[in-house]
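Per our numbering: the sequence shown = residues 1 to 54. Every residue gets a Cβ at the ideal spot worked out from N, C-alpha and C, and that includes glycine. Have a look at the structure below, then the notes.
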Amino acid sequence: MQCKFAPSCSQYACDCFANYGFLKSFSLMVWRILRCNPWAQGGYDPAVKPKSHH
Numbered sequence: 001m002q003c004k005f006a007p008s009c010s011q012y013a014c015d016c017f018a019n020y021g022f023l024k025s026f027s028l029m030v031w032r033i034l035r036c037n038p039w040a041q042g043g044y045d046p047a048v049k050p051k052s053h054h
């Protein structure tokens, strides 16, 4: 089975730990895994969201 999200859930977890503390990373990973189901649309969902230029 292939991950519906890009980046993959494992890469998402690595990105979380590279950019956030343990608790935030853990909560983001749990939320991502809960959204990974047969009914999810998936798509591009980076761990670190780009900042807007406003």
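Alpha-carbon spacing of residue i relative to residue j, whole angstroms
i, j, result
"Q136", "F17", "Lying outside 1 to 54, the shown extent of the chain, residue 136 is not represented and no answer is given."
"Y20", "L34", "20 Å"
Among the options, the one whose alpha carbon lies nearest that of residue i
i, options, result
"M29", "P38, W39, Q11 and G43", "Q11"
"K4", "V48, S52, W39 and P50", "W39"
Which of helix, strand or coil DSSP assigns to residue i
i, result
"A40", "coil"
"A47", "coil"
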